[in-house]
């Protein structure tokens, strides 16, 4: 089930937050609610597809919000690119 992917700390929720991360190239996967207003999510979907990011359509904003552990609906959510950890040699000199 794709919604289980949102049960991670490296997620972003909300149209504006998702837009910022998408523009910065920091998303690996995008989740959009089917019942969200078309003007909110259509540009996100097309830009994500152009960038080669997979887009999952979720049945409703309520379901997407619950999957993101928030108390209201969400039109968009995304999984962030994991940052590689610094090597022990780098940490030693910090």
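In the numbering used here, the protein residues as written are 1074 to 1167. Backbone N, C-alpha and C define an ideal beta-carbon position, used for all residues, glycine too.
Minimum C-alpha distance to residue i - residue among the options
{"i": "residue 1076", "options": "1121, 1145, 1154, 1132", "result": "1132"}
{"i": "residue 1123", "options": "1109, 1103, 1085, 1141", "result": "1103"}
{"i": "residue 1110", "options": "1125, 1153, 1142, 1146", "result": "1146"}
{"i": "residue 1121", "options": "1088, 1140, 1143", "result": "1088"}
{"i": "residue 1105", "options": "1080, 1129, 1097", "result": "1129"}
{"i": "residue 1154", "options": "1081, 1113, 1100, 1085", "result": "1100"}
{"i": "residue 1135", "options": "1108, 1116, 1085, 1084", "result": "1108"}
Cα-Cα separation between residue i and residue j, rounded to whole angstroms
{"i": "residue 1166", "j": "residue 1148", "result": "Legend: pLDDT at residue 1166 = 38, less than 50; position of this residue unreliable, value from coordinates given subsequently. So the alpha carbons of these two residues sit roughly 43 Å apart."}
{"i": "residue 1091", "j": "residue 1127", "result": "14 Å"}
{"i": "residue 1083", "j": "residue 1116", "result": "23 Å"}
Residue i - containing beta strand (DSSP E), residue span
{"i": "residue 1121", "result": "Premise fails: residue 1121 lies in the alpha helix (DSSP H), 1111-1123, not in any beta strand (DSSP E)."}
is_contact[residue i, chain D] using C-beta, thresh 8 Å
{"i": "residue 1079", "result": "The displayed structure is made up of one protein chain only, and chain D is not part of it."}
Beta-carbon gap between residue i and residue j smaller than 8 Å
{"i": "residue 1150", "j": "residue 1095", "result": "no"}
Residue i - DSSP class collapsed to helix/strand/coil
{"i": "residue 1107", "result": "coil"}
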